[in-house]
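*Asks:*
Residue numbers (the numbering used here): 124 to 429.
(1) How should residue 333 be labelled, buried or exposed, when 16 other C-beta atoms within 10 angstroms of its C-beta is the threshold for buried?
(2) Count the other CB atoms within 10 Å of the CB of residue 311; is the residue buried (16 or more) or exposed (fewer)?
(3) Buried or exposed for residue 424, please, with buried defined as at least 16 other CB atoms from any protein chain shown within 10 angstroms of its CB.
(4) Would you say residue 271 reaches chain C, if we count a Cβ-Cβ gap shorter than 7 Å as a contact?
(5) Spatial neighbours of residue 347 within its chain, please: CB distance less than 8 Å, with the 5 preceding and 5 following residues excluded, ordered by chain position.
(6) Please go through the same chain and pick out, in chain order, the residues whose beta-carbon is closer than 8 Å to the beta-carbon of residue 286, but skip the five residues on each side of it.
(7) Near residue 427, what residues of its chain come up, given a Cβ to Cβ distance below 7 Å and the 5 sequence neighbours on each side ignored?
(8) Tell me the residue span of the beta strand (DSSP E) that contains residue 312.
(9) From residue 262 to residue 374, what does the alpha carbon distance come to, in whole angstroms?
(10) Between residue 343 and residue 324, how many whole angstroms is the CB-CB distance? I'm expecting something under 8 Å.
(11) Would you call residue 429 buried or exposed, if buried means 16 or more other Cβ atoms sit within 10 Å of its Cβ?
(12) Whose C-alpha, out of 329, 211, 192, is nearest the C-alpha of residue 256?
(13) Looking at residue 353: is its Cβ nearer than 7 Å to the Cβ of residue 283?
(14) On the DSSP bridge assignment, give the partners of residue 289 in chain order.
(15) May I have the straight-line CA-CA distance separating residue 139 from residue 153, to the nearest angstrom?
(16) Below 7 Å between beta carbons: does that hold for residue 267 and residue 279?
(17) Rounding to the nearest angstrom, what Cα-Cα distance links residue 170 and residue 177 in this structure?
(18) Tell me residue 334's beta-bridge partners as DSSP assigns them.
(19) What are the boundary residues of the alpha helix (DSSP H) that includes residue 159?
(20) Restricting to Cα atoms, I'd like to know which of 281, 350, 208 is closest to residue 315.
(21) Ordered along the chain, which non-local residues of its own chain (more than five positions away) have a Cβ less than 7 Å from that of residue 358?
(22) Rounded to the nearest angstrom, how far is the Cβ of residue 250 from that of residue 395, given a contact under 8 Å?
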């Protein structure tokens, strides 16, 4: 029987022993370390290796950077959503005070205008507050918070900062009824501010504009003309703004033109009004002939004495 050799065939020979190879590469490493430390020969090799390895480093870091970017995106989205919700909440909280400020400013402007008008009529004007509107849908009325206790009387004119509101028609001890100029049974003597043409403005009831009736088709009036009180009735002082001409129809076949007007006063939005006493509506009383003669004689006597 043939003996099998324990030595590996030549094809599988491994070269030097591991110990020899360790010693060889150790010496080479020590030599390279010495040369690099002493003379810096490996710096250029290190630069080239860094350039070659950089793409591999970036490729290895890309998955982590992508995950970080996605996390940062969702975190920023959440932060923006929370901030947006907080800003909306603050906006809602400040909306009511801001709207109240605008309303207060408008009311302040109306009160200033009323004070100016009241100063024009001195003691003949009484400031009142609107309590509520009348419940009758066919009558245009409202009620104010002063009555006979403040000296109000039926027939006195009621105005706001924009113009004529109506007329006091009934007085109670602590409140008064005001009939608006839009009421069907109300009429106001007016004149066209531009041309001075006189007419009468009649109320037409709820939901309808007041009308200028019995006006000739060729009357000197235009759309947009402002109507003011003429003072002919002794109730409204002359020169108060009443309405603006809204529509004008001049039909050849009709005897009178059809003219509708838009009231200037804010009866449906004004909370403060002025009641003008009868002294404000009437012109100043002229001097009596006897009194004028006495004044003249007195002046002549003083002239002679001088």
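From the three backbone atoms N, C-alpha and C, an ideal C-beta is built for every residue, glycine too. Values in this document were obtained by computation on a predicted structure and should not be read as measured data.
*Replies:* Inspection of the coordinates gives the following:
(1) By the neighbour-count rule (16 or more Cβ atoms within 10 Å), residue 333 is buried.
(2) Looking at its Cβ environment, which holds 16 or more other Cβ atoms inside 10 Å, residue 311 is buried.
(3) Low confidence applies to residue 424: its pLDDT is 47, below 50, so where it sits in the model is not reliable enough to give any reading.
(4) Absent from the structure is chain C; it holds one protein chain and no more.
(5) Within the same chain, 367, 368 come within 8 Å of residue 347 by CB-CB distance, once the 5 residues on both sides are set aside.
(6) Counting only residues of its own chain and dropping the five nearest sequence neighbours on each side, residue 286 has a CB closer than 8 Å to the CB of 363, 364, 365, 366, 386, 387, 388.
(7) For residue 427, the pLDDT reaches just 46, beneath the cut-off of 50, and the residue's location in the model is therefore unreliable, although a value from the coordinates is still provided. Correct list: empty, nothing qualifies.
(8) 310 to 315
(9) 31 Å
(10) Between residue 324 and residue 343 the Cβ distance is about 17 Å, and since that is not below 8 Å, they are no contact.
(11) Reliability fails at residue 429, whose pLDDT of 39 lies under 50, so the model's placement of it is uncertain and no value is given.
(12) 329
(13) Contact: no.
(14) Per DSSP, 281, 303.
(15) In this structure, the CA atom of residue 139 is about 20 Å from the CA atom of residue 153.
(16) no
(17) 11 Å
(18) Residue 334 pairs with 325, 383.
(19) 141 to 162
(20) 350
(21) 278, 280, 290, 404
(22) Under the criterion of beta carbons closer than 8 Å, residue 250 and residue 395 qualify as touching, at roughly 6 Å.
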